[in-house]
Amino acid sequence: MRQEIIASAIHALQELFYNKEHKNQFLAMKTLEMYMSLNLFQDVTLVAQEIEKQYAFGLLEPMKLYDMVAAEQIEQQLRGSIY
Numbered sequence: 023m024r025q026e027i028i029a030s031a032i033h034a035l036q037e038l039f040y041n042k043e044h045k046n047q048f049l050a051m052k053t054l055e056m057y058m059s060l061n062l063f064q065d066v067t068l069v070a071q072e073i074e075k076q077y078a079f080g081l082l083e084p085m086k087l088y089d090m091v092a093a094e095q096i097e098q099q100l101r102g103s104i105y
């Protein structure tokens, strides 16, 4: 269940940040801020797996604005592919 929620959240963020039809920078940042405040991306391993699966590597930079430590941990997981 948690993995499905994370997958949906990452997909929504990708749509808001990068899809031409739904691109909305303000809404994307507010959505990311809400997800971070809800600790949705606390499970670094699951988030790293889902980012890799969806090729959502571009989301790491905006994540750093809200939680640098979590974003760096996710980056480390992706670099080493250690799950």
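The numbering of the sequence shown is our numbering, which starts it at 23 and goes up by one. Note that CB positions come from ideal geometry on N, CA and C, so glycine has one too.
Closest residue to residue i among the options (Cα-Cα distance)
i: T53; options: M85, I96, K75; result: M85
i: L68; options: A50, N41, Y40, A93; result: A93
i: L60; options: Y77, Y88, Q98; result: Y88
i: L100; options: F48, K42, L49, E74; result: E74
i: E83; options: L49, N46, F39, Q76; result: F39
Supposed close pair residue i, residue j - CB separation, criterion 8 Å
i: E72; j: A34; result: No, E72 and A34 are not in contact; Cβ-Cβ is about 12 Å, not under 8 Å.
i: I96; j: A70; result: 5 Å
Sequence-distant residues of the same chain with beta carbon closer than 7 Å to residue i, five excluded per side
i: Y57; result: A31, F63
i: E37; result: H44
Same chain, Cβ closer than 6 Å to residue i, five either side skipped, listed in chain order
i: L81; result: L35
i: D65; result: none
i: Q25; result: L68
Which of helix, strand or coil DSSP assigns to residue i
i: F48; result: helix
i: F79; result: helix
i: L62; result: coil
i: M23; result: coil
i: E94; result: helix
Sequence-distant residues of its chain with Cβ nearer than 8 Å to residue i (five each side left out)
i: G102; result: none
i: E55; result: Y88
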